[in-house]
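Residue 281 in full-length UniProt numbering sits at position 281 of the sequence shown; the count goes up by one each step and never skips. Note that the Cβ used here is the ideal one computed from N, Cα and C, for glycine as well. Just so we're clear, the structure is a prediction, and the values are computed from it rather than from any experiment.
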Amino acid sequence: MATKVQSFMSSQTIPVEFLVTYLEDVAILQVPARLTVLEAISFKQTCQNLIQADSPPRQIFIDFQNTTFMDSSGLGSLVSNFKNSQEKGIIMTLRHITPQVMAVLNLTGLDQVFPIESLDNLEAIANDNLINTGNYQNNSRKVDSLPQTHPSVASWMKRAIDILGSLVGLVITSIFFIPIAIAIKIDDPGPIFFKQTRCGWMGKRFAIWKFRSMCVDAEAKKSQIKNQVEGAFFKNDHDPRITKVGKLLRRTSLDELPQFWNVLKGEMSLVGTRPPTPDEVERYEVPEWQRLDVKPGMTGEWQVKGRSQVRSFEDVIRLDLQYQKNWSLVYDLKLILKTITILFHKNSGAV
């Protein structure tokens, strides 16, 4: 069978090439050994070139046989490409998944979303009976260790500080629980706690816990509230959904005390990046996924450097990447101390 090979380069400023092989109306895209931000940008553009071609392929196989490292940006480009192919009615299937890539997919639950195929015979993909979109699970491949996307992720000392700090925090939470619970119930009858889905390390979703500071139907009313910031997150300084008690809880950050439970479970850290919501992540461009290379934190750069003054998503990205660049255990401790000193400042409203 005749085979046509073509090489795409997404941009003259990003010298990352992807080999694309054609077998009739099927395209096979070879992913390099590492899929980080630079490769991910090219990867997304290469897939866009295929999808938007005058005669696009019926099916695109993403071949990971050489890939041993994929960070959040790589994962983000994969998610984006999958959505774009679905919109155009093109089947996108992952093949030859390495243990390292499978570990990331398993962590985020995307192994149950992406069609996965493992075909040893390249010629066989021209046979419609062998091309399918069912999820493939290779039990012989054990999920390998997850990628070290940032030094903080592998730091056992940081984890030890998180465990110790969260235990102390939960003791403090138990002391404040009864008066806060009574105040919430009196001010606005309803649940004491507020649970919301957020995205953690590598985009893995988890339930974040807070003391409820808004009216019961706050989520339903969100579309009626003007967003005062630009970009992929929501903020309004005078949000009418916030209750009277909620204003006090937010001003003192007492509403965030239940998050010590998230820290103890390992879903968050005491210090990290701001935990985004899934709808925020859906709006990310590939480079913005880098902020998910570390665990989200109860506090961070955005907390101690004017969290109420953040007015654009670019501000959040800048502060989050600044944290990743400057990270050390000493830096974490400094941010914790700075957070404690500003908790009761009159202008320290939450984001």
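Boundaries for S166: no beta strand (DSSP E) harbours it, while the alpha helix (DSSP H) harbouring it runs 156-187, taken from the DSSP string. Of the residues H96, Q303, K338, G246, the one whose Cα lies closest to the Cα of R274 is Q303.
Beta-bridge partners of R34 (DSSP): F69.
Residue G272 holds the alpha-carbon nearest to the alpha-carbon of I161 among F69, S174, G272. Restricting attention to T98, Q30, P296, R212, the CA atom closest to the CA of F18 is found in Q30.
At the C-beta level, V26 and P57 come within 8 Å of one another. The Cβ neighbour count for K158, taken over all protein chains shown within 10 Å, is at least 16; the residue is labelled buried.
Judged by DSSP in its simplified three-state form, W327 adopts coil rather than helix or strand. Among the bridge pairs identified by DSSP, W261 is matched with none. When only Cα atoms are considered, L257 and I192 end up about 12 Å apart. For T93, the enclosing beta strand (DSSP E) stretches over residues 91-95. Taking the CA atoms as reference points, F194 sits about 11 Å from D217. Here the alpha carbons of K305 and L319 stand approximately 8 Å from one another.
Separation of K334 and V168 (C-alpha to C-alpha, rounded to the nearest whole angstrom) is 18 Å. Judged by DSSP secondary structure, M298 falls within the beta strand (DSSP E) whose first and last residues are 297-299. With three or more CB-CB distances shorter than 8 Å, the segment 30-45 counts as touching the segment 59-69.
For K210, the enclosing beta strand (DSSP E) begins and ends at 205-211. Sorting G76, W156, S166, K88 by C-alpha distance to the C-alpha of T108 places G76 at the top. With contact defined as three or more Cβ pairs closer than 8 Å, the segment 86-98 and the segment 200-220 are not in contact. Taking the CA atoms as reference points, G203 sits about 6 Å from L292. About 7 Å separates the CB atoms of V104 and P147; that is less than 8 Å, so the two are in contact. Counting along the chain, Q290 sits inside no alpha helix (DSSP H), nor does DSSP assign it H or E at all. Scanning L337, V330, T339, G300 for the CA closest to the CA of Q322 turns up G300.
Under the 10 Å beta carbon count, N326 is surrounded by fewer than 16 other beta carbons and is classified as exposed.
I180 sits close to F211, with the two beta carbons spaced by under 8 Å. Rounded to the nearest angstrom, the gap between the Cα atoms of L329 and F313 is 26 Å.
Under DSSP, I116 shares a beta bridge with L94. For K247, the enclosing alpha helix (DSSP H) begins and ends at 244-252.
Between the alpha carbons of Q45 and L38 lies a distance of about 11 Å. DSSP places Q100 inside the alpha helix (DSSP H), whose first and last residues are 99-108.
Between the beta-carbon of L35 and that of G74 there is about 3 Å, and that keeps the pair under the 8 Å contact cut.
Sequence-distant partners of V286 (beyond 5 residues in either direction) whose C-beta falls short of 6 Å from its own C-beta, in its chain, are A40, I41, K44, S73, G76, S77. Here the alpha carbon of S55 sits roughly 18 Å from the alpha carbon of F82.
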